[in-house]
Amino acid sequence: MSDTTFANFQEFDTLLRQRREELQAKIDPQTHRSTSADELVLTTPETVDDEAANADVQNDTDLAQLSLELAELVDIDAALGRIKAGTYGTCTACDEAIPLARLRAMPSAHFCIGCQSKSEQRQGFPHNTSL
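Oh and the sequence shown: position 16 is 8 in our numbering, straight run, nothing missing.
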């Protein structure tokens, strides 16, 4: 954590914990849903196909969102672990300092911009040089 100060360390710890609480509040109700009698709706044969298709799309969207939120939660927990270990702010790939501007934009970042770009290229993400 070469270019971060103790105040920044505290700032990032607070930001990460707040975001973790926000995500946990969103995730918990989604993972503990139950179908109650109040949620059941009578349908006619004409509406079944449309409603089923809409329900499938909504369910897929909900699952995709939940997956993103769970991945972010994992990243936050890893960042909090790095704070505790004293390695926060250091790229986990090259051991170089992650710039404060990047940490402020993404407090859970574990790669510097260069290593993040390389990781995305390996995963098949297009590299957009026009930005």
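Each residue gets a CB set at the ideal place from its N, CA and C atoms; glycine is no exception.
Subject >> Collapsed DSSP secondary structure at T53 in the structure displayed >> reply: helix
**OP:** Please list, in chain order, all residues of the same chain as D67 whose beta carbon is under 8 Å from its beta carbon, the five residues on each side excluded.
**Re:** Same-chain partners within the cutoff: S100, H102.
**OP:** Would you kindly work out how many angstroms separate the C-alpha atoms of Y80 and E43, rounded to a whole number?
**Re:** Y80 and E43 have their C-alpha atoms spaced approximately 48 Å apart.
Original post:
With which residues is T84 paired in a DSSP beta bridge?
Top reply: None; T84 has no bridge partner.
Subject >> alpha helix (DSSP H) segment containing S100, residue limits >> reply: Neither: S100 is in no alpha helix (DSSP H) and is coded neither H nor E.
Subject >> Identity of the residue in F117, T6, C104, R96 nearest C83 by Cα >> reply: C104
Subject >> Start and end residues, alpha helix (DSSP H) containing Q115 >> reply: It is not in any alpha helix (DSSP H) - Q115 carries neither H nor E in the DSSP assignment.
Original post:
Where T53 and L15 are concerned, what is the direct C-alpha to C-alpha distance, given to the nearest angstrom?
Top reply: 17 Å
Original post:
For L60, which of G78, G116, K18 has the nearest alpha-carbon?
Top reply: K18
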